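Numbering (the working numbering), first residue to last: 40 to 371. Before any comments, here is the structure.
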């Protein structure tokens, strides 16, 4: 058993302070994430060293398009999630209690080094609920010169987020909608804490990208798209945004996202944002990175392979010499 952090007793119950659910957990019960358990004497993190999935992925698959393009990361999916999205695209591993592999932080770091990866990505499920495991692994990884990547729903309290930002190098946050009712009814969460997380990450030194999964009839209206664009632009127009196509999954049977919807999102976003991408669908505009100053092709991508021929060794546009907002070896 691994003692969890961020909790306090309320009578015989425990109040968890890791995420905004702030679950009140009775003895021998678990929180909404299903992995933080009240033993009767303390809160333990049952997800510590318990991993559902491990794979070597291109960094672009996270998706991260502006962070060490062309490199690979060891991707791990700790057990548990603090959302219950009815449309979950990874529901087999995030919403079910499947078999796990017990693996220590030290072993994970060794596997990442042996595979020639630039780092470790905590992804697939919701790594926030495995806070202690992610934090400990990330500390060891950083000491070994590896990068740490978090792919998250952003539903976390400020104090644990601040602790994670000390050891994480890049984050992709899944902004599911700008409608709080959508979060409450479809995801069993709330919008405002996610927006607060995005703002906090943007103020930090951690690289940030945002993904928005477009579900026909639920969060793909022009109004919703404009709200997302306006929100991101109000923070920083240079934040890369990935509009991703949905497929029917879990409890949702809405039709797959048409390519035309992604194109519409691009048209709305291009007036305010510098870097807009499409995911899960083939498009002519949604893969490559162009210089926002002169239009030069900076990074060309095919599937998850990429070439950064348009970026100079100094990390600038090879044509106009302006900053390209891409982190890579030139930042080392």
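Using N, Cα and C, we set each Cβ at its ideal position, and we do this for glycine too. Keep in mind the model is a prediction, meaning the values are calculated, not measured.
When you compare the CB positions of residue 281 and residue 102, do they come within less than 8 Å of one another, or not? yes
Determine contact between the stretch 264 to 282 and the stretch 242 to 256, defined as no fewer than three beta-carbon pairs at a distance below 8 Å. yes
Taking only runs that begin and end inside the stretch 218 to 292, name each unbroken beta strand (DSSP E) of 3 or more residues, in chain order. 246 to 253 and 280 to 284
Per the DSSP calculation, residue 213 is bridged to which residue(s)? 250
Quick one, which of 99, 65, 100 and 95 has its alpha-carbon nearest residue 83's? 65
Can you tell me whether residue 1 is helix, strand or coil according to DSSP? Given a span of 40 to 371 for the chain in the structure shown, any question on residue 1 remains unanswerable.
Along the chain, which unbroken stretches of the alpha helix (DSSP H) at least 4 residues long are found entirely within the stretch 135 to 210? 144 to 153, 170 to 182 and 197 to 204
Could you please give me the residues that DSSP links to residue 111 through a beta bridge? 97
Rounding to the nearest angstrom, what Cα-Cα distance links residue 168 and residue 94 in this structure? 20 Å
Do residue 241 and residue 278 come within 8 Å of each other at the CB atom, strictly closer than that value? yes
Taking only three categories from DSSP, how would you classify residue 46? strand
Can you give me the C-alpha to C-alpha distance between residue 356 and residue 164, rounded to a whole angstrom? 36 Å
Span of the beta strand (DSSP E) around residue 303: Here residue 303 belongs to no beta strand (DSSP E); instead the alpha helix (DSSP H) covers 298 to 308.
Determine whether the beta carbon atoms of residue 291 and residue 100 lie at a separation below 8 Å. no
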